[in-house]
Amino acid sequence: MIRSKILGLGSYVPDRIVTNEEIAYLDARHIRHDEKQTDTTPEWIRTRTGVEERRYVPNDESTTCSDLAQRAAVRALEDAQCSAKDVDCIILATLSPDIHFPGTAVFLQSRLGIDGDEGCPCFDIRQQCSGFLYGLQMADSFVKSGQYKRVLLVGAELHSHSLDYSTRGRDVMVLFGDGAGAVVVGPSESNGPRDGILYTKLGADGSGAQDLHLKVFDSQKMPHIQYDPAWGTPDVAYPQMNGKKVFLNAVRAMNLGTRAALQATGLTWDDVDWFVPHQANLRINEAVAKFAEIPEEKVLNSIQFYGNTTAATVPLTIDHHRKAGRVKKGDLIVSAVFGAGFTWGASVFQV
Ligand code: COA
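Okay, so the sequence shown: first residue is 185 according to my numbering, each after it adds one.
Dropping the structure here:
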């Protein structure tokens with residue numbers, strides 16, 4: 185059977201840096217006030233989550249999720265040395281789509297200039313923080329089966345328009361940032377023990393669905409829904425999370441997924457260059473590294489700089505460390521993710 189591989193990778197984050205110092209003073213339009221809008225401290229955010237800053241899109245309602253997706257996609261295509269016209273399938277993972285429907289992948293297709301009568305199929309997938317590895321399994325299967333030859337997989341998130349910038353929403357609001365990451369997946373010419381995408385395994389448990397959810401959105405608007413206080417508690421308008429339950433389940437699923445990935449592939453940490461976990465909380469990743477006995481120096485994080493960018497965290501983290509000269513072409517990566525649903529996954533692949 186043909187094996188698939190990652191042909192190219194790219195990421196994009198907006199320029200605006202929002203530090204832990206600044207975030208408490210922002211309102212829903214990201215305007216800084218003299219008075220604190222949220223009762224939080226930089227110290228609490230850093231020690232409880234690992235986040236030190238995150239990126240936000242400009243606060244002029246000019247940006248959508250597909251905008252971020254396009255910028256990351258263009259970089260991944262350049263890295264893969266192919267053009268948008270070579271793409272014969274798009275998979276876009278997001279929890280912050282441009283609008284409710286149609287899916288954001290078709291907007292991305294138009295932005296890339298490859299829409300029209302001969303336009304390639306476009307999939308939106310909604311697996312939140314697990315979206316990238318869910319998409320990677322789909323892309324891998326499509327390429328292996330010969331269905332498609334160049335699959336563009338993008339994880340993109342515009343979180344900053346749909347967060348509650350009051351004390352009520354502080355547990356969620358401090359965690360998330362805007363950004364996108366993309367890969368191009370295609371056939372591999374070689375099938376050695378380290379070559380290409382070696383393993384993908386996914387899971388889900390719908391009984392956790394209410395533990396992290398958002399009911400409505402219009403992600404281009406600020407705020408994303410015009411909330412009327414007459415409605416009472418605005419729990420429809422903002423993400424709701426049972427943080428402790430999410431935390432414990434994330435550690436468990438990512439530990440088990442990582443161990444299963446090594447067992448299934450017969451690899452050890454000596455064979456693997458990097459562990460790239462989803463970036464939800466630095467303490468989650470430290471716990472996973474401890475329980476899965478992963479050498480500390482092989483764990484790559486980027487939550488300090490970008491917060492949680494949900495479906496984008498894995499390619500964004502890889503690209504961050506590639507730009508810093510740590511990750512090199514051909515490196516072998518084990519990745520594990522966990523997110524709303526609950527959903528989870530683990531994968532072994534070469535970049
Ligand atoms: N600033 C200051 N205090 C805050 C705060 C903030 N931003 N957010 C919550 N608190 C308060 C709580 O209100 C609580 O106060 P109380 O003791 O007076 O009730 C206190 O801090 C402790 O809250 P707790 O929920 O026990 O903290 P925690 O150590 O569990 O950390 C999370 C909270 C959200 C950081 C943590 O549960 C987490 O990261 N969960 C997983 C989230 C996740 O991964 N989400 C994405 C899905 S992949």
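Glycine included, each C-beta is placed from N, C-alpha and C at the ideal position.
Residue span of the alpha helix (DSSP H) that contains residue i, given as start and end
i: W458; result: W458 -> not in any alpha helix (DSSP H); beta strand (DSSP E) instead, spanning 458-461.
i: I207; result: 204-207
i: V319; result: According to the sequence as given, residue 319 is Gly; it is not Val. Looking at the DSSP string, the run of the alpha helix (DSSP H) that includes G319 is 315-329.
i: S250; result: 249-263
i: F291; result: 288-295
i: I309; result: Run containing I309: none in the alpha helix (DSSP H); it sits in the beta strand (DSSP E), 306-309.
i: P226; result: 226-233
Residue(s) in a DSSP beta bridge with residue i
i: L342; result: In DSSP, L342 forms no bridge with anything.
i: R510; result: The partner list for R510 (beta bridge, DSSP) is empty, contrary to what the question assumes.
i: F533; result: I381, I517
i: F360; result: N492
i: V472; result: Paired residues: none, contrary to the question.
i: Q424; result: H397
i: Y240; result: R200
i: L347; result: Its beta-bridge partners do not exist; DSSP assigns none.
i: T527; result: A388, G523
i: L337; result: I275, V367
i: V483; result: F459
i: L210; result: R216
Delimiting residues of the beta strand (DSSP E) encompassing residue i
i: Q271; result: Note on identity: in this sequence residue 271 is Val, with Gln being the wrong assignment. Taken as a continuous stretch (DSSP letters only), V271 belongs to no beta strand (DSSP E), as it is neither H nor E.
i: P371; result: 363-372
i: F431; result: It is not in any beta strand (DSSP E) - F431 instead sits in the alpha helix (DSSP H) that spans 427-449.
i: R187; result: 187-196
Nearest neighbour of residue i, chosen from the options [CA to CA]
i: V400; options: Y422, A393, T384; result: Y422
i: L386; options: A530, D419, L193, Y196; result: A530
i: Y240; options: C249, R334, I298, T233; result: C249
i: V435; options: R187, M185, H462, F326; result: H462
i: P377; options: M406, D223, L451; result: L451
i: S314; options: A260, M438, L516; result: M438
i: A495; options: V521, F475, H505; result: V521
i: S519; options: F316, M406, R467; result: F316
i: S188; options: D299, S372, M425, L337; result: S372
i: L193; options: V498, Q404, R510; result: V498
i: G330; options: E237, F285, S344, D272; result: D272
i: D308; options: A268, G509, T278; result: T278
i: M406; options: G297, D348, V532, I487; result: D348
i: H397; options: G525, V532, T449, A473; result: G525
i: P281; options: D301, R238, H345; result: H345
i: L359; options: P242, T233, W458, I274; result: T233
i: G392; options: F431, F475, I409, D218; result: F431
i: L500; options: S486, V511, R510; result: S486
i: W228; options: A208, E245, E219; result: A208
i: I283; options: T231, D301, Q404; result: Q404
beta-carbon residue i near the ligand COA non-hydrogen atom, thresh 7 Å
i: G303; result: no
i: F316; result: no
i: N439; result: no
i: D395; result: no
i: V430; result: yes
i: G392; result: no
i: W228; result: yes
i: N465; result: yes
i: K487; result: This sequence places Ile at residue 487; Lys is not what is there. Checking every heavy atom of the ligand COA against the Cβ of I487, none is found closer than 7 Å.
i: N204; result: no
i: T224; result: yes
i: D419; result: no
i: V524; result: Looking at the sequence provided, one finds Ala at residue 524 rather than Val. Checking every heavy atom of the ligand COA against the Cβ of A524, one is found closer than 7 Å.
i: V358; result: yes
i: T278; result: no
i: T497; result: no
i: I309; result: no
i: D355; result: yes
i: I468; result: yes
i: T384; result: no
i: T233; result: yes
i: N375; result: no
i: A520; result: no
i: H609; result: Any property of residue 609 remains undetermined from this structure, which presents the chain solely from 185 to 535.
Any non-hydrogen atom of the ligand FMN within 7 Å of residue i CB
i: G427; result: This structure does not include the ligand FMN; its bound ligands are the ligand COA.
Task: Cβ contact check for the segment 290-303 and the segment 245-253: 3 or more pairs under 8 Å - done: yes
Open item on the list: With a threshold of 8 Å, are at least 3 pairs of Cβ atoms found where one atom belongs to the segment 480-489 and the other to the segment 433-445?
Closed with: no
TODO: Could you tell me whether the segment 321-335 touches the segment 366-374, where touching means 3 or more Cβ pairs closer than 8 Å?
DONE: yes
- [ ] Kindly confirm or deny that the segment 260-270 and the segment 220-235 touch, where touching means at least three C-beta pairs closer than 8 Å.
- [x] no
Open item on the list: Would the segment 328-341 count as touching the segment 204-219 if we require 3 or more Cβ pairs under 8 Å?
Closed with: no
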